[in-house]
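Chemist: Numbering of the sequence shown is given in full-length UniProt numbering, commencing with residue 1 and proceeding in unit increments. We put the beta carbon where it would ideally sit given N, CA and C, even for glycine.
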Amino acid sequence: MVRTDAQKPGRVNTLLIAGLVVDVIGCVLHIVGMAMPDWSVWETTSLGAFIACYINVGCSSYSDKTRDIEALQAMLILGIICGVCAACLEAIHTIFRLRQIKVLSLIAGILSIFACVFIIAGVIIWGAKADLELGDGFDFSFSFILCIVASVFLLNGGVFFLLGYSDTVESI
């Protein structure tokens with residue numbers, strides 16, 4: 001019988017470590033993308049999820065938010081909360097080697113996948129809003145794309161957590 005990393009005494013499951021690293025990268029990318037005002041840009045304007053910037057005027061937060069902006073912001077914030085909670089749970093599980101509480105990896109995996117879903121929902125809301133209200137003059141910019149990349153990282157982190165969980169459960 002070949003023993004996996006999860007079955008060897010004193011060894012940490014490499015899938016869980018990989019998931020933690022990927023999840024943390026996804027959270028950092030999402031925080032940066034979410035905070036930047038460059039979701040949609042035009043010659044003199046750049047719009048973000050939380051602020052709008054205009055050349056010669058400066059940046060300001062949205063004073064009268066529409067429901068779609070509120071929904072976008074809620075989805076992005078829920079995404080980062082789920083992503084950070086997933087990373088924290090798995091960090092606690094991995095650092096303290098809580099092998100008897102294997103369900104933490106399962107919960108972290110589910111939270112990480114939920115983070116991806118929330119971020120993608122926010123991206124879809126912004127894409128629909130930009131298409132309907134902003135017109136052809138605006139282009140999607142790097143912050144928008146950064147959040148999409150972050151959601152892919154969080155999805156992969158969640159898959160790693162779930163694979164690590166199943167590998168750990170099989171070793172019982």
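From Gln7 to Thr94, what does the alpha carbon distance come to, in whole angstroms?
Modeler: At Gln7 the pLDDT is 49, less than 50, meaning the model places this residue with poor confidence; the figure from the coordinates comes in the next sentence. Answer to the nearest angstrom: the Cα atoms are 15 Å apart.
Chemist: So, helix, strand or coil for Val57, using DSSP?
Modeler: coil
Chemist: What distance in whole Å lies between the Cβ atoms of Ala121 and Ala86, which are believed to be in contact at a cut-off of 8 Å?
Modeler: Actually they are not in contact, since the Cβ atoms of Ala86 and Ala121 sit about 17 Å apart, beyond 8 Å.
Chemist: I want to know whether the region 60-78 touches the region 149-166 - three or more CB-CB distances under 8 Å.
Modeler: no
Chemist: In three-state DSSP terms, what is Gln101?
Modeler: One point to set straight first is that residue 101 is Ile, not Gln, in the sequence displayed. Note: Ile101 maps to coil in three-state DSSP.
Chemist: Measuring CA to CA, which of Thr45, Leu106, Leu20 is closest to Val84?
Modeler: Out of Thr45, Leu106, Leu20, Leu20 has the C-alpha closest to the C-alpha of Val84.
Chemist: Go to Cys45, then tell me how far its beta strand (DSSP E) extends in each direction, as first and last residue.
Modeler: According to the sequence displayed, residue 45 carries Thr and not Cys. Its beta strand (DSSP E) spans residues 45-47.
Chemist: Rounded to whole angstroms, what's the CA-CA distance from Trp42 to Asn13? Just pull it up for me.
Modeler: 47 Å
Chemist: So what does DSSP say about Phe118, is it helix, strand or coil?
Modeler: helix
Chemist: If contacts are defined as beta-carbon pairs under 8 Å, then Asp23 and Leu146 qualify, I think. What distance do you get, rounded to the angstrom?
Modeler: Between the beta-carbon of Asp23 and that of Leu146 there is about 16 Å, and that puts the pair past the 8 Å contact cut.
Chemist: Drop a sphere of 10 angstroms on the beta-carbon of Asn56, count the other beta-carbons inside from all chains shown, and report buried for 16 or more, exposed for fewer.
Modeler: exposed
Chemist: Assuming Gly48 contacts Ser143 (C-beta within less than 8 Å), just tell me the rounded distance between them.
Modeler: 6 Å
Chemist: My output table needs one value for Ser141: the three-state DSSP class, helix, strand or coil.
Modeler: coil
Chemist: Just to check my reading of the structure: Ala108 and Glu133 have Cβ atoms closer than 8 Å, yes? What is that Cβ distance to the nearest angstrom?
Modeler: Actually they do not touch by this definition, with Cβ atoms about 37 Å apart.
Chemist: Which residues in the same chain have their Cβ closer than 6 Å to the Cβ of Arg97, if we skip the five residues on either side of it in sequence?
Modeler: none
Chemist: Nearest CA to the CA of Ala150: which residue from Val123, Tyr62, Asp136?
Modeler: When the alpha-carbon of Ala150 is set against those of Val123, Tyr62, Asp136, the nearest one is in Val123.
Chemist: Quick one: what's got a C-beta closer than 7 Å to Ser105's C-beta in the same chain, skipping five residues either side?
Modeler: Leu16, Glu90, His93, Phe161, Gly164, Tyr165, Thr168
Chemist: State the Cα-Cα distance for the pair Asp131 and Lys102, rounded to the nearest angstrom.
Modeler: Approximately 44 Å, taken between the alpha carbons.
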